[in-house]
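Peer 1: For reference, the structure I am asking about is given below.
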Amino acid sequence: MIHDVSIPAALIVLAVVFLPTRELADRFASTADTDLLTSETRVAIWRDTIHEIEAYKWTGSGLGAYERGLYKYKTAAPTNTVDFAHNDYLQIVAELGFVGAALVAALLVAVLWNVLRVVLWSRGQPNWELAVGLLGALLTIGLLANVFTAVFVSKAIFDYELSGGRQLRELSI
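Spelled out as C-alpha cells, the structure:
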C-alpha cells in the first residue's frame, strides 16, 4: 500500500526540486508569444495555404509536409519559417487533400458516434463513466477548436476592415 503512493510522490518532489521553473515558464511564454504574427500576416498565410490546397487538391502535400508544399506559394513572412497554417482546418486539407480530410472527418464522426452510443444506450455497463468523460472531453475539444478558429478569423477580418480591407478583398475562402 505504501509503495502505491511513494513512487508518484517521489516523482512530484523530484519534478518540483529539479525543474527550473522560472526558466521553463519563460521558455513556454516565449514559445507562445505571437506578437510577431499580426492579423495581416495570418490572413496572408491563409491565402498562401489556399493556393497550396488548389495545387494539391486531392492528395495534399503530405502529412507533416505543409512547409515544403507551401514553399512555392509563400508570400507571407518571407524571412520567417511558416511551418503551419495557423488554422487547423486549412492545415488538414493542405496536408491530406480533400480525400484525406474526408477520411479524417469520417473517423471523427465514427469515434464520436460510438462514444455517444455507449453513453446513451449502455448506462450501467462497465466503463460507462469513462465513455461519459470521453464524450465530454471530445465535445470540449471540438468546441474550443471552433471558438478559437472563429475568434482568429473574426479578428483578422475586423483588423482588415479597420485598415481599409486592402488584402481582405484578395482572400477568397
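Quick note on numbering: the sequence shown equals residues -13 to 159 in the working numbering.
A virtual CB, placed ideally from N, CA and C, is assigned to each residue, including glycine.
DSSP state of GLN77, grouped into three classes?
Peer 2: Reading the sequence shown from its first residue, position 91 is the one you call residue 77. Correct three-state label for GLN77: helix.
Peer 1: To the nearest whole angstrom, what separates the beta carbons of VAL101 and LEU76, a pair I think is in contact under 8 Å?
Peer 2: For the purposes of this step, residue 101 is taken as residue 115 along the sequence shown, with counting starting at 1. For the purposes of this step, residue 76 is taken as residue 90 along the sequence shown, with counting starting at 1. With a Cβ gap of about 27 Å, VAL101 and LEU76 do not count as contacting.
Peer 1: Report the CB separation of ALA71 from TRP32 in whole angstroms; it is logged as a contact under 8 Å.
Peer 2: Sequence index remark: in the sequence shown, residue 71 carries index 85 (1-based). Sequence index remark: in the sequence shown, residue 32 carries index 46 (1-based). Correct: roughly 7 Å between the Cβ atoms.
Peer 1: Just mark THR65 as buried or exposed, buried being the case when its beta carbon has 16 or more other beta carbons within 10 Å.
Peer 2: As a working note, residue 65 is residue 79 in the sequence shown. Its Cβ having fewer than 16 others within 10 Å, THR65 is exposed.
Peer 1: If you compare alpha carbons, which of ALA80, LEU89, ALA88 is closest to GLU40?
Peer 2: By 1-based counting over the sequence shown, the position of residue 40 is 54. With distances taken between Cα atoms, GLU40 lies closest to ALA80.
Peer 1: Go through its chain and collect everything with a Cβ distance to SER47's Cβ below 7 Å, but skip five positions before and after it.
Peer 2: Translated into the one-based positions of the sequence shown, residue 47 becomes position 61. Here the set comprises GLU38, ARG54, GLY55, ALA80, GLU81.
Peer 1: I need the DSSP call for ASN66, collapsed to helix, strand or coil.
Peer 2: For the purposes of this step, residue 66 is taken as the residue at position 80 of the sequence shown. In this structure, ASN66 counts as coil in the three-state DSSP scheme.
Peer 1: Rounded to whole angstroms, what is the Cα-Cα separation between ILE159 and LEU98?
Peer 2: Numbered from its first residue, the sequence shown carries residue 159 at position 173. Numbered from its first residue, the sequence shown carries residue 98 at position 112. Caution applies to ILE159, whose pLDDT of 41 falls short of 50 and renders its modelled position unreliable; the model cannot decide the point.
Peer 1: Is ALA30 closer than 8 Å to THR61 when the C-beta atoms are compared?
Peer 2: Working through the sequence shown from its first residue, we reach residue 61 at position 75. Working through the sequence shown from its first residue, we reach residue 30 at position 44. Their beta carbons are under 8 Å apart, which means THR61 touches ALA30 by this criterion.
Peer 1: Please report the straight-line C-alpha distance between TRP107 and LEU124, rounded to a whole angstrom.
Peer 2: As a first step, residue 107 is located in the sequence shown; it is residue number 121 there, counting from the start. As a first step, residue 124 is located in the sequence shown; it is residue number 138 there, counting from the start. Each residue's Cα considered, the two are about 18 Å apart.
Peer 1: For ALA51, which residues from the same chain have a beta carbon less than 8 Å from its beta carbon, with the 5 sequence-adjacent residues on both sides left out?
Peer 2: Taking the sequence shown and counting its residues from 1, the one referred to as residue 51 is at position 65. Within the same chain, ALA51 has close Cβ partners GLU81.
Peer 1: With SER25 as the anchor, note down where its alpha helix (DSSP H) starts and where it stops.
Peer 2: Against the sequence shown, residue 25 aligns to sequence position 39. Element bounds for SER25: 25 to 41.
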